[in-house]
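Protein chains in written order, with the working numbering: chain A, 13 to 284; chain B, 4 to 269; chain C, 4 to 543.
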């Protein structure tokens, strides 16, 4: 019990340290990137010299609005995140479920050559259209925005799952099982999928991050008020407090998701 | 080589030849604006029509194929090499090295990459050649794009590190480096190939997304990504505007059919 | 006969019913982003300005169609003391949206708050003719006089931007005098404006305005999405339509499109003439040469820009003032003529020579420079590509570089690390005094060579003198004469190469009545209190 708690405390500490490091790196990136101190208001010809000096002085003190307030959106960061987090979680959650469901199903069915052909072409087609274009096409056809994320994720998951399963089916013990008359479902569930489990679980963790990456252009283009759109606005406005906060959140979420994937991975014995 | 693979090889050859020879075909220029023939429909003169500045779409597509294909493939290879090294070392060695590399991967996945791309783009000299700008963009995408595949590679390596063939190799006196490079990583071919085949279009699409922001190579230089911007306005869409997307899909499918390492059936 | 009477009566009844049905309803259109503020005195972005315009009650209003000043909350006004004092007589019996009475004290409070130096308001700065704050005298319940330290040119027109706030209302900023008030705001989603039940205006028949019940402003950044939603009927008007889709929408039966002629916006490019610019000295020498600038201007085919990019919905630009600004434009000026041979002759006179398709300066440097513009603006990127091809005829190699806006501003205003820039200038105000900070050589907004301690050229010194003179001049005709001369100098010296004035293009649902498209912002809904929405759609 004591060891377990110590291990948990170490994990939490490592997560926190990584997140803080990510925040610091982001802050350094924002402060040193071109345009960090520029402001569109400087181009307003109505402003006199005193107002322009005041705007420049604001940017010298980049925390003039307070660390917990977004200077570009002029609102508390906690309010922004609280309002947008459920929207993005819903979009990503549905996207991941749909993408994994479709990818697994089609990967399994790709044992049949015809299905393999159709699935391969579908995968190539969705892989070759930018998420921005998919979003606009879906929207213009009256489809729900939630369809876009599965379309973006599906080919990336499908290709890996299909390759892993194909390789697994060539392993000696599975060939033996087939020769002994084990059913297709049995081979899949008791032999093939467990062999692929470690990589599939890692992919699952990574796909959650990919889903958020896909959410950024989708939310921005379709004006879905989620965290992806917020991240986009923060990056283009060089909004340091908001970017650092988002980086902290994403770093913590990434590590938690990946740690969960590692924890669920079956043990492979002692370390080399 | 199967019939399908041969057909794919021929198609691929034709695409590559056409893209390499595009600059020498008389009357075909990716930059020339024919202002009296803007947004023209496909015809004998312009097989894929013209864009809204009167530029030959086919000429632009062929020029874009050359550069985007080369750079995207190179970036994918680069990212995969980095991913293999990082994921391989982390998964094989375990312990504190694994933990450090995993944290580095998670950190890479958390940093707002868009800001980095904007910053690097903005730092480029304004007179930098479009090719230099594009090479730098893809290099950056490769440097940022290794983290996701590294995670998958790591999981695969962990799976194999105590396998029987690995134990046998060690028993026969192979060094750990040799075991990793000659025995473990080759068994990850399916994973690595899948990552490669998805990385190439992902990098092209990342460049396209930058193009939507207006941050692709400077005018008039075409890339697959910048050509895909035409798809952004569905009300003004013409079927020929899908040509770049079709080109990417066909090229990738052909590559997959042709490669001897099989990737998978298509 | 009887049948005819019956038919006429039926038609009249139907018309009456349809007219009665045209009050109420919700007008829906899009904002590009969330308003940054709901404080009308801190407005600095277009989206906040839209909310301010719809909710704010002003003393005087510029009719966007006629460009004439009309009384609003002030029934009359008088300017005296050589343009230093303005006295308003206010409308009686007016209340704020929460019922608080409107009085002269509210005007005094509004102006005092506006002129607070700590506010740094873009609305306030044009009033600041001297360091001393204005004195405000309330001489009755409905009379107020504001006296400034020095004359303020175009004083009365500045009040079109000043929304009157209540000094005593418990609702503070949300108590308004405009036709609508902010009823709800969901960040990232929408701003809902409700009808002001105490709005003072009535129509000719005595019916209280506004006709609409609500205005629904939807936050929609992407123009393509906005267009899709307009076609679906989810949005009633588009304030600014892209030229490419204008013709498409014109064929749509449920939409009306309008081209109101030249807007106040000018697309322009300029060369970096700042001595502090970290660019090669030989390039600086090109950019400060009038002949070089004029030659580049004459090599650009403005007609092609209008035809190809704007599909004919734009005009070649001649001056810093658009023809839409009827009073102030110098109508004797014409755009620099497209004349490649003439441009080459100019360059030869300046010591340039074209050899083997490439232009060289007298020291043998190949003429090549970069043109930066903001990324993501497809129109401007296309314009840059067309200019690139046009300059090839002179043997000039132009490198086009697109940057995200913060990086662009940083290069323009801080590092000056650029060679040429392509951007647009939108004159929000018709009066040229609003552009003082562009034309004064000492100003930071003097884009091509800002913050000059003394004017670098004689023509910039003359512009400084003329602009100061027109600011302190009260007579409009005399001011026009002075400002015409400024436009003439700019035309000759070409520090800015004015390219096109794009037209104001709008789209409306056919359910809307009384729309009056104008060339000046807010072009589609400037008369929002009289816009009606019907459930009946007019036949084509």
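Glycine included, each C-beta is placed from N, C-alpha and C at the ideal position.
Buried or exposed by the 16-neighbour rule on C-beta atoms within 10 Å, applied to residue i
| i | result |
| --- | --- |
| residue 20(B) | exposed |
| residue 189(B) | exposed |
| residue 108(B) | buried |
| residue 232(C) | buried |
| residue 205(C) | exposed |
| residue 281(C) | exposed |
| residue 23(B) | exposed |
| residue 67(A) | buried |
For residue i, three-class secondary structure by DSSP
| i | result |
| --- | --- |
| residue 269(B) | Note on residue 269(B): pLDDT 33, under 50, position unreliable in the model; no value is reported. |
| residue 478(C) | coil |
| residue 259(A) | helix |
| residue 33(C) | strand |
| residue 108(B) | helix |
| residue 82(A) | strand |
| residue 330(C) | coil |
| residue 2(A) | Residue numbering for chain A in the displayed model covers 13 to 284; residue 2(A) lies beyond these limits and cannot be assessed. |
| residue 99(B) | helix |
| residue 84(B) | helix |
| residue 303(C) | coil |
| residue 287(C) | helix |
Residue i versus residue j - alpha carbon distance
| i | j | result |
| --- | --- | --- |
| residue 334(C) | residue 493(C) | 14 angstroms |
| residue 22(A) | residue 154(B) | 21 angstroms |
| residue 283(A) | residue 164(A) | Only weak support exists for where residue 283(A) lies, its pLDDT of 35 falling under 50; the coordinates are left without a value. |
| residue 337(C) | residue 310(C) | 18 angstroms |
| residue 61(A) | residue 69(A) | 12 angstroms |
| residue 192(A) | residue 198(A) | 12 angstroms |
| residue 121(B) | residue 240(A) | 17 angstroms |
| residue 68(C) | residue 262(C) | 13 angstroms |
| residue 17(A) | residue 149(B) | 33 angstroms |
| residue 241(B) | residue 211(B) | 19 angstroms |
| residue 32(C) | residue 328(C) | 26 angstroms |
| residue 267(C) | residue 526(C) | 11 angstroms |
| residue 78(C) | residue 39(C) | 32 angstroms |
| residue 205(A) | residue 4(B) | 31 angstroms |
| residue 549(C) | residue 122(C) | Outside the displayed span of chain C (4 to 543) sits residue 549(C), for which this structure offers no information. |
| residue 364(C) | residue 341(C) | 22 angstroms |
| residue 491(C) | residue 295(C) | 18 angstroms |
| residue 375(C) | residue 185(C) | 40 angstroms |
| residue 434(C) | residue 522(C) | 15 angstroms |
| residue 276(C) | residue 397(C) | 21 angstroms |
| residue 537(C) | residue 27(C) | 9 angstroms |
| residue 460(C) | residue 499(C) | 15 angstroms |
| residue 369(C) | residue 133(B) | 19 angstroms |
| residue 304(C) | residue 382(C) | 16 angstroms |
| residue 505(C) | residue 313(C) | 7 angstroms |
| residue 443(C) | residue 496(C) | 15 angstroms |
The ligand MN heavy atom lying under 7 angstroms from the CB of residue i
| i | result |
| --- | --- |
| residue 144(B) | This structure lacks the ligand MN, and indeed carries no ligand of any kind. |
Handout entry: Minimum length 4: unbroken alpha helix (DSSP H) runs contained in the region 334-412 of chain C
Key = Here the runs fully enclosed are 343-352 and 381-395.
Exercise for the section: At 3 residues or longer, and completely inside the region 423-502 of chain C: list those beta strand (DSSP E) runs for me, N to C. Expected result: If we require 3 residues or more, the beta strand (DSSP E) runs fully inside the region 423-502 of chain C come out as 423-429.
Handout entry: Contact the region 156-164 of chain B vs the region 114-132 of chain B: 3+ CB pairs below 8 angstroms
Key = Contact fails: fewer than three Cβ-Cβ distances are below 8 angstroms.
Exercise for the section: May I ask you to verify whether the region 58-75 of chain C touches the region 128-143 of chain C, counting CB pairs closer than 8 angstroms and requiring at least 3? Expected result: Proximity of the region 58-75 of chain C to the region 128-143 of chain C falls short of the contact definition, fewer than three beta-carbon pairs being nearer than 8 angstroms.
Problem - Touching by the beta-carbon criterion (3+ pairs, under 8 angstroms), the region 198-205 of chain B and the region 98-113 of chain A - result: Too few Cβ pairs lie closer than 8 angstroms, so no.
Practice task
Please confirm if the region 108-123 of chain C is in contact with the region 164-182 of chain C, defined as three or more CB-CB distances below 8 angstroms between the two stretches.
Solution key: The answer is yes - the region 164-182 of chain C touches the region 108-123 of chain C, with three or more Cβ pairs under 8 angstroms.
Exercise for the section: Could you list the residues in the region 396-412 of chain C with a C-beta less than 9 angstroms from some C-beta on chain F, going in chain order? Expected result: Looking at the structure shown, chain F is missing, and the protein chains on hand are A, B and C.
Practice task
Please confirm if the region 83-101 of chain A is in contact with the region 223-243 of chain A, defined as three or more CB-CB distances below 8 angstroms between the two stretches.
Solution key: The region 83-101 of chain A is in contact with the region 223-243 of chain A.
Handout entry: Any beta strand (DSSP E) of 3 or more consecutive residues that is wholly inside the region 44-96 of chain C
Key = Taken in chain order, the unbroken stretches of beta strand (DSSP E) that lie wholly in the region 44-96 of chain C and span 3 residues or more are 63-65, 72-74, 77-83 and 88-93.
Exercise for the section: Assess, as a yes-or-no matter, whether the region 356-373 of chain C is touched by the region 298-315 of chain C under the definition of 3 or more beta carbon pairs within less than 8 angstroms. Expected result: No, they do not touch.
Exercise for the section: Assess, as a yes-or-no matter, whether the region 42-49 of chain A is touched by the region 250-258 of chain A under the definition of 3 or more beta carbon pairs within less than 8 angstroms. Expected result: Cβ pair count under 8 angstroms is three or more, so yes.
Exercise for the section: Kindly confirm or deny that the region 147-161 of chain C and the region 475-482 of chain C touch, where touching means at least three C-beta pairs closer than 8 angstroms. Expected result: The region 147-161 of chain C is in contact with the region 475-482 of chain C.
Practice task
Report yes or no: do three or more beta-carbon pairs, one from the region 162-176 of chain B and one from the region 30-48 of chain B, lie closer than 8 angstroms?
Solution key: Taking a cut-off of 8 angstroms for Cβ pairs, the region 162-176 of chain B and the region 30-48 of chain B do not touch, as fewer than three such pairs fall below it.
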